[in-house]
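Read through the structure below, which is laid out as structure tokens, and then see the notes.
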Amino acid sequence: MASAEDIQVKELDKRASGQAFEVILASPAPDANFPLSPPKAKDVSLEEIQRKLDAAEERRKNHEAEVLKHLAEKREHEKEVLKKAMEENNNFSKMAEEKLNQKLEANKENRTALMAAMNEKFKEKDKKLEEVRKNKETKEGTSED
Numbered sequence: 001m002a003s004a005e006d007i008q009v010k011e012l013d014k015r016a017s018g019q020a021f022e023v024i025l026a027s028p029a030p031d032a033n034f035p036l037s038p039p040k041a042k043d044v045s046l047e048e049i050q051r052k053l054d055a056a057e058e059r060r061k062n063h064e065a066e067v068l069k070h071l072a073e074k075r076e077h078e079k080e081v082l083k084k085a086m087e088e089n090n091n092f093s094k095m096a097e098e099k100l101n102q103k104l105e106a107n108k109e110n111r112t113a114l115m116a117a118m119n120e121k122f123k124e125k126d127k128k129l130e131e132v133r134k135n136k137e138t139k140e141g142t143s144e145d
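Start counting the sequence shown at 1; every next residue gets the next number (the working numbering).
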């Protein structure tokens, strides 16, 4: 470690959040040994290289399998969503058709009932007309006598 005379401290500025300092270390000794080249890597054997290549290949295969699995799950989910949408659409269509059939049936029944009521009303009017004719004929027949 450097001694106290090798270190120089300058105050940069004071703030409410704290102070900032610059620490200057003395220049290194001229006789210090610095490596000029990076340390040599140890010799890697052919087996070590092959083992690393195999591990990389295994990782690549595992990653590919994961991606394929994810895609298959996504496709399956899409199929399920489409199937559910089709079922809901079919159910909606069936319900709408049933509702329409019920309305048509109700309208048909109402029309039939209305027609029957009108026929009954006309029969009653015909009876009254016939009765009035008979009464008129009998009056004319009795008045001629």
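Glycine included, each C-beta is placed from N, C-alpha and C at the ideal position.
Three-state secondary structure (DSSP) of residue i
i: aspartate 13; result: strand
Backbone CA spacing between residue i and residue j [nearest angstrom]
i: glutamate 120; j: asparagine 101; result: 28 Å
i: lysine 127; j: threonine 142; result: 22 Å
i: valine 132; j: lysine 123; result: 14 Å
i: lysine 58; j: leucine 46; result: One point to set straight first is that residue 58 is glutamate, not lysine, in the sequence displayed. Cα to Cα, glutamate 58 sits roughly 18 Å from leucine 46.
i: lysine 94; j: leucine 71; result: 34 Å
Extent of the continuous beta strand (DSSP E) to which residue i belongs
i: alanine 20; result: 18 to 25
CB contact flag (residue i, residue j, <8 Å)
i: isoleucine 49; j: valine 23; result: no
i: phenylalanine 21; j: lysine 10; result: yes
Subject >> Every unbroken alpha helix (DSSP H) inside the segment 43 to 78 [4 residues or more] >> reply: none
**OP:** Entirely within the segment 78 to 145 and at least 3 residues each: give me those beta strand (DSSP E) ranges in chain order.
**Re:** none
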